[in-house]
Structure formats: structure tokens, C-alpha cells
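Reading through the C-alpha cells given below for one structure.
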């Protein structure tokens, strides 16, 4: 069994203390001139509004190429912390995930207590705050379990049957049905918007719809497929149903036309194979 704990840092990028960040940069085994470039970026900065200005010495601006790297430097010591043989911590930007393995669900309480205690020490040492309302955990198991443990990080962390992490909805048995349902809802909302802009005899041209499907709809369906796609019959059927709704919109055919024919006319290979 595996317990997944999703940790959300409150206003993470804006809370990075530059003095702490500089101390971590100084420990890196990189050429001195690269350190000097980073140090130069992190000094003598201010924010001005009309006649007022304020020294800017905290936070990592988002949306520029150096931002993710500075955050990775800041959080790297947390990822290198020894959380024990059955615990692993990973992060994508400020989305932190703690993974704990145990033979039974009741064991997670003690193991998680040690891991979360180390996380708590790191947050306090680095002037970071955990947003408890957005933290959650779930348990992955092929077996049914009745004991739902309580996990605390100052206060109880919420248990959920479906944990959303990096846009993927993870269910206890890794069937990914809830994730596919979420994709279906997104595609349906998108198709309803198309329906207002185009009908069988007017509106967006098939080529425009084809470009939108190729660059938007198909990307929504395929996001994270390396993780959730299992090439099973039921899953393939659901994926083809998602593709079919878009192909009907592109070709403007009757709903009785087969999916295979729609794929040929629209010029799209079948998804899920």
C-alpha cells in the first residue's frame, strides 16, 4: 500500500527569502562566475509606484526563465533530506508530493509523523508556510481497506478518494476512471462553446476546427498519458468517445456515422492505440 500526501505551500514563490536563497547558491558546486550572476540578480532591486518605492528582497518572479531554477535551488535541500527507506519526496515547482509505502494502512500514521515532522522543520527554517486547506492525502491499494488513518501537520490533513496532482486525478486503484471523466467534462464544455460558434451550415470552417482540435482538444486528452494510459479495452473505448465528439464537430456529419469513417474524413488516427 502507498500513501500519497500532497503539500501546498502558501504563496510559495513570493515567500522565498533572498538571504536564504543566496546561502543555498553559495553551497552549489558550480563555477564562481555563475554564482556571481545569480548574486547580482538578487541585489539592488526595488519596486516603484509613482513617487513611492520599496526595496525588493523577497520572492521569485514567475513567468521568466530564471524563476523555476531559483525555486529548484531553494527547495533542493528538502528533496535531498533523508525521510527514511519507505518514504520519497518529489516536487514539480511548488507542488510537493510525499509518497509512503507500508504493509497496512494503520502503519502510515507513525511513518508519516516522522516525514511530516522533517517537512515542518524545513518550512520553519526557510520561512515558508503550509496551506493546510489545500493539503490532502489518499491511499493507493489494490485491496479494499476500512481503516482511514488521521495524518497531522499541525492540524489534520484532509483525506480524499481522488487526489489531484499536476492535473492528474489519482484514484485508489489507479483505474484513472475519474481522470477520464474529468477530461470528458472539459471536452464537453469545449464542444458546447464550439456549438455556439458553428453549426452544420455556418460558422467556423472545418479547417479551423481541425486546427483547434489538433492544438487544444487532443492535447487535453493526451496530457499525462505516459502515466495514466494502460491500453485496456474499456479505457480505449472511452478515449475514442472523447475523440469522436471532436471529429463530429469537424466533419459536420450525422451522429450515425461510424468513428472509423470520421477519423478517415477528418484525417486523424485513432487515439488510444
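In UniProt numbering, the protein residues as written are 1 to 273.
Every residue, glycine too, gets a C-beta built ideally from N, C-alpha and C.
### Query
If you count every other CB in all the chains shown that lies within 10 Å of the CB of residue 111, and 16 or more means buried, which is it?
Burial is judged here by how many other beta carbons sit within 10 angstroms of a residue's own beta carbon; residue 111 has at least 16 and is buried.
#### Entry: Rounded separation between residue 121 and residue 56 - CA only
Take the alpha-carbon of residue 121 and the one of residue 56: they are about 26 angstroms apart.
### Query
What three-state label does DSSP hand residue 244 in the structure shown?
Residue state, collapsed to three classes: helix.
### Message
Distance check for residue 237 and residue 76, CA to CA, integer angstroms please.
### Response
Rounded to whole angstroms, residue 76 to residue 237 spans 42 angstroms at the Cα level.
### Query
Can you tell me whether residue 194 is buried or exposed, with buried defined as 16 or more other CB within 10 angstroms of its CB?
When all chains shown are included, residue 194 counts as buried.
### Message
Comparing C-alpha positions only, which one of 138, 253, 22 and 88 sits nearest to residue 119?
### Response
That would be 88, whose Cα lies nearest to the Cα of residue 119.
### Spatial distance of residue 137 from residue 247 (CA atoms)
Taking the straight line from one Cα to the other gives about 38 angstroms.
### Query
Which of the three DSSP states, helix, strand or coil, is assigned to residue 165?
In the structure shown, residue 165 falls within a strand segment according to DSSP collapsed to helix, strand and coil.
### Task
Give the DSSP bridge partners of residue 9, in chain order.
Residue 9 pairs with 130.
### Task
Please look up how many angstroms separate the CB atoms of residue 168 and residue 228, rounded, as I've assumed it's under 8 angstroms.
Contact between residue 168 and residue 228 holds, with the beta-carbon distance rounding to 6 angstroms and staying under 8 angstroms.
### Task
Round the Cβ separation of residue 185 and residue 178 to the nearest angstrom and send it over; I've been treating them as touching at under 8 angstroms.
Between residue 178 and residue 185 the Cβ distance is about 11 angstroms, and since that is not below 8 angstroms, they are no contact.
### Message
Restricting to Cα atoms, I'd like to know which of 154, 135, 161 and 42 is closest to residue 145.
### Response
Closest by alpha carbon: 161.
#### Entry: residue 163, buried or exposed, once every other Cβ within 10 Å from all chains shown has been counted against 16
Buried, since its Cβ has 16 or more Cβ neighbours within 10 Å.
### Query
What span of residues does the beta strand (DSSP E) with residue 88 cover, start to end?
Residue 88 -> beta strand (DSSP E) spans 87 to 92.
### Task
Can you tell me the Cβ-Cβ gap for residue 46 and residue 36, rounded? I've got them flagged as a contact below 8 angstroms.
With 8 angstroms as the limit, residue 46 and residue 36 do not qualify as a contact, their Cβ atoms being about 21 angstroms apart.
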